[in-house]
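Q:
In the working numbering, the protein residues as written are -14 to 246.
As structure tokens, then:
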């Protein structure tokens, strides 16, 4: 039951303030060469290296895991200490539920299963347009096969129609299936929520229901991660932290392709 609706009441997004912050961030000078390297390495360690193709097989999932374990090109050895190079890997690999076992086996063979997580998209990715029972079963299947992160997608229709209690209850049930066996990242699909207010409220509902991260997009929508919507989600995260004391992560997805991004 959604007990604290105050966090989603009377929500108003100040577009002028958002535009001002975006303009200020975008006008900052280019980062230096050294900072570029430092931030690129940091970004790598926070990345979910992903394959979500219809023709995914064990072999290309294995290649994905190899790349996740050793993401840096050979030419960086001249500027990066080899010992640092050995410690750089992505945070996770992300695959469909049917390919989770392949990823788990490969990472174990690489002796990386303790440092690189296996994430699985679930709950009817990318649309979420499936019965709740099948969406919950997808989560269980992925975890049983070795996933320790689950990327759920919300039912955008509930957000578009303001059915916040129903959305909360669905996400809460997904959280219950994850239990303490897997972190849960909740994909909002911001490009399909209509308004910034809906993005804010969906962010808050996802956090109230127990999400460990909130994520912008599936990468399949026409609009994915943008700086303005990221600021709206960050605002929700900050307000949630002030209200509860619990930290929740932000995961941009789609549209982030360069170090400057």
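Every residue gets a Cβ at the ideal spot worked out from N, C-alpha and C, and that includes glycine. This structure is a prediction, so every number in the text was calculated from the model and none was measured.
Could you tell me which residues DSSP pairs with residue 198 in its beta bridges?
A: Sequence index remark: in the chain shown, residue 198 carries index 213 (1-based). The partner list for residue 198 (beta bridge, DSSP) reads 170 and 234.
Q: Out of 232, 112, 5 and 163, which one is the CA nearest neighbour of residue 177?
A: Residue mapping note: residue 177 aligns to position 192 of the chain shown, counting from 1. The candidate whose alpha carbon is nearest that of residue 177 is 112.
Q: Return the chain-ordered list of same chain residues with a C-beta closer than 7 Å to the C-beta of residue 52, the five sequence neighbours on each side being excluded.
A: What you label residue 52 is simply residue 67 of the chain shown in a count that begins at 1. Correct list, in chain order: 34.
Q: What would DSSP say about residue 140, mapped onto helix, strand or coil?
A: Within the chain shown, residue 140 is the residue found at index 155, counting from 1. Residue 140: coil per DSSP, three-state reduction.
Q: Leaving out five residues before and five after residue 88 in sequence, what residues of the same chain have Cβ atoms less than 8 Å from its Cβ?
A: If you number the chain shown from 1, residue 88 lands on position 103. These residues qualify, in order along the chain: 46, 49, 50, 78, 80, 103 and 131.
Q: Using the three-state DSSP reduction, which class does residue 37 fall into: helix, strand or coil?
A: By one-based count along the chain shown, residue 37 stands at place 52. Residue state, collapsed to three classes: coil.
Q: Using the C-alpha atoms, what's the distance from residue 167 back to residue 25?
A: Sequence index remark: in the chain shown, residue 25 carries index 40 (1-based). Sequence index remark: in the chain shown, residue 167 carries index 182 (1-based). Distance between the alpha carbons of residue 25 and residue 167: 27 Å.
Q: So within the region 102 to 165, which uninterrupted beta strand (DSSP E) runs reach at least 3 residues, ignoring any that extend past its ends?
A: 102 to 106 and 134 to 138
Q: Kindly indicate which three-state DSSP category residue 217 falls into: helix, strand or coil?
A: Locating residue 217 in the chain shown gives position 232, counting from the first residue. Reduced to three states, the DSSP call for residue 217 is helix.
Q: Below 8 Å, how does it come out for the region 157 to 172 and the region 207 to 226: are there three or more Cβ pairs, yes or no?
A: no
Q: In the DSSP assignment, the alpha helix (DSSP H) including residue 7 goes from what residue to what residue?
A: As a working mapping, residue 7 is identified with position 22 in the chain shown. Segment 0 to 11, the alpha helix (DSSP H) holding residue 7.
Q: What residue range is occupied by the uninterrupted beta strand (DSSP E) comprising residue 77?
A: What you label residue 77 is simply residue 92 of the chain shown in a count that begins at 1. 77 to 80 is the span of the beta strand (DSSP E), which, as asked, contains residue 77.
Q: Please state whether DSSP places residue 23 in a helix, a strand or coil.
A: For the purposes of this step, residue 23 is identified with residue 38 of the chain shown, where counting begins at 1. In this structure, residue 23 counts as helix in the three-state DSSP scheme.
Q: Looking only at its chain, what residues have a beta carbon closer than 7 Å to the beta carbon of residue 56, apart from the 5 residues adjacent to it on each side?
A: As a working note, residue 56 is residue 71 in the chain shown. Closer than 7 Å at the Cβ level, and outside the excluded window around residue 56, lie 29, 73, 74 and 75.
Q: If contacts are defined as beta-carbon pairs under 8 Å, then residue 140 and residue 152 qualify, I think. What distance do you get, rounded to the angstrom?
A: For this step, residue 140 is matched to residue 155 along the chain shown. For this step, residue 152 is matched to residue 167 along the chain shown. Cβ-Cβ separation between residue 140 and residue 152: approximately 7 Å, consistent with a contact (criterion under 8 Å).
Q: Between the beta-carbon of residue 123 and the beta-carbon of residue 174, is there less than 8 Å?
A: Numbered from 1 along the chain shown, position 138 holds the residue referred to as residue 123. Numbered from 1 along the chain shown, position 189 holds the residue referred to as residue 174. Not a contact, by the Cβ cut-off of 8 Å.
Q: With DSSP as the reference, label residue 70 as helix, strand or coil.
A: For this step, residue 70 is matched to residue 85 along the chain shown. Per DSSP, reduced to three states, the secondary structure at residue 70 is helical.
Q: Starting from residue 89, trace the alpha helix (DSSP H) in both directions and tell me its first and last residue.
A: Residue mapping note: residue 89 aligns to position 104 of the chain shown, counting from 1. That run of the alpha helix (DSSP H) goes 85 to 94.
Q: How is residue -5 classed by DSSP in three states: helix, strand or coil?
A: Taking the first residue of the chain shown as position 1, residue -5 is located at position 10. Residue state, collapsed to three classes: coil.
Q: Enumerate in chain order the residues of its own chain whose CB-to-CB distance from residue 228 is below 7 Å, with the five nearest sequence positions on each side excluded.
A: As a working note, residue 228 is residue 243 in the chain shown. Counting only Cβ-Cβ distances below 7 Å, and skipping sequence neighbours, we find -8.
Q: Would you grab the beta carbon distance between residue 164 and residue 201 for me? Rounded to a whole angstrom, and I think it's under 8 Å.
A: Looking up residue 164 in the chain shown gives position 179. Looking up residue 201 in the chain shown gives position 216. Residue 164 to residue 201, Cβ: 25 Å. No contact.
Q: Given a cut-off of 8 Å on the beta-carbon distance, is the pair residue 107 and residue 137 in contact?
A: Indexing the chain shown from 1 puts residue 107 at position 122. Indexing the chain shown from 1 puts residue 137 at position 152. Closer than 8 Å, so yes.
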